[in-house]
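What follows is one structure encoded as structure tokens, with my remarks underneath.
In full-length UniProt numbering, the protein residues as written are 1 to 130.
Laid out in structure tokens, this is it:
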């Protein structure tokens, strides 16, 4: 697979995950909405990695790490979004945390993170087109 097809692959699944995050939020599955926001961000960062380095993206789910190796110039708001999504992703992977997190991630928290992720996602997508 050539570079542009690899980027397209990651972008397509990132967009699918972003759409899934919206659907999860709309259906009251707030923890999963936030989880899918992290997944969408991870995958679009991997598309950016391939664009920048013309190499396979690292096998990691750590979006802070991905943003750092890409030398992303994140705003304070973007840094906060990435940090929050990372925390929810790590804790959300473990069943013992899901119940506790489900209580913390209500409609307002999910909506806020969804909107912050959409802004971050569009910015990362714009970098692919430059």
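We treat Cβ as the ideally placed atom computed from N, Cα and C, and that holds for glycine. Being a predicted model, the structure only gives us computed values, none of them experimental.
Residue interval of the alpha helix (DSSP H) (run including residue i)
i           : result
residue 108 : 107-128
residue 3   : 3-26
residue 36  : 30-53
residue 66  : 63-69
Buried versus exposed call for residue i [16 or more other C-beta atoms within 10 Å across all chains shown]
i           : result
residue 6   : buried
residue 60  : exposed
residue 108 : exposed
Residue i to residue j span [Cα, whole Å]
i           : j           : result
residue 17  : residue 32  : 11 Å
residue 113 : residue 1   : 34 Å
residue 26  : residue 120 : 20 Å
residue 76  : residue 115 : 16 Å
Which listed residue (the options) has its alpha carbon closest to that of residue i
i           : options            : result
residue 52  : 60, 70, 42 and 11  : 70
residue 111 : 24, 11 and 49      : 24
residue 46  : 3, 79, 19 and 75   : 3
residue 103 : 11, 29 and 10      : 29
residue 35  : 127, 105 and 129   : 105
residue 72  : 122, 22, 11 and 48 : 48
Beta carbon of residue i nearer than 8 Å to that of residue j
i          : j           : result
residue 84 : residue 62  : no
residue 44 : residue 14  : yes
residue 57 : residue 117 : no
residue 11 : residue 128 : yes
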